[in-house]
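J.:
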Amino acid sequence: MAINNPYAAYKNNSVNTSSPGELTLMLYNGCLKFIEQAKRALEENKVEEKNIAIQKAQAIITELMLTLDTSVPVAENMMTLYDFANSRLIDGNIKNDPEMFDEAADIIREFRDTWKQVIQINRQKQYADVDGV
């Protein structure tokens, strides 16, 4: 089946050719995007759109929780923060409270920014190893 939309083709290729670290970064960015969509829908009193966007953000957080490497010592703390962010989204969705969405977004943004730094450091090491060979 051919993809007629060039953006969809690009997006599909970027997912298929990304490293696991880059895919995780895409998940964080997607989660933040859906939280922002939910806040905008809430402002516009579009309850169904808000609910769908929050459910998408929650699905991403659930995926991050399921794929978390629990053998790493920091995983327990990460799991607790993911769980808290998810509960903020649930409560914010029920109470129509954008501040709760912001609390969840702050946690996810912190993870995203840290993850972005890890990717950059790994790339620098990778290029240094190639140059040093």
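Basically the working numbering = 1-based index in the sequence shown + 1007.
Just so it is clear, CB atoms sit at the ideal spot from N, CA and C, and this is done for glycine as well.
From the beta carbon of ALA1060, is the nearest beta carbon of chain B less than 8 Å away?
T.: Here chain B cannot be found, since the structure has a single protein chain.
J.: For the alpha helix (DSSP H) containing ASN1011, list its first residue and its last residue.
T.: First-last for ASN1011: undefined, no H or E at that position.
J.: Would you call ILE1101 buried or exposed, if buried means 16 or more other Cβ atoms sit within 10 Å of its Cβ?
T.: ILE1101 comes out exposed.
J.: Please report the residue range of the alpha helix (DSSP H) in which ASP1104 lies.
T.: From DSSP, ASP1104 is part of no alpha helix (DSSP H); its letter is neither H nor E.
J.: By the DSSP assignment, the alpha helix (DSSP H) with LYS1063 in it spans what residues?
T.: Start and end: 1054 to 1073.
J.: Looking at C-alpha atoms only, which residue of ASP1090, PHE1041, GLY1028 is the closest neighbour of LYS1057?
T.: Nearest option by C-alpha distance: PHE1041.
J.: Starting from PRO1080 and walking both ways along the alpha helix (DSSP H), at which residues does that stretch end?
T.: Careful: PRO1080 lies outside any alpha helix (DSSP H) and carries neither H nor E.
J.: Does the structure place the region 1080 to 1094 close enough to the region 1051 to 1071 that three or more beta carbon pairs sit under 8 Å?
T.: Touching, yes.
J.: For the 8 Å Cβ check, are there 3 or more pairs between the region 1034 to 1049 and the region 1078 to 1085?
T.: Judged by Cβ distances under 8 Å, the region 1034 to 1049 makes no contact with the region 1078 to 1085, as fewer than three pairs qualify.
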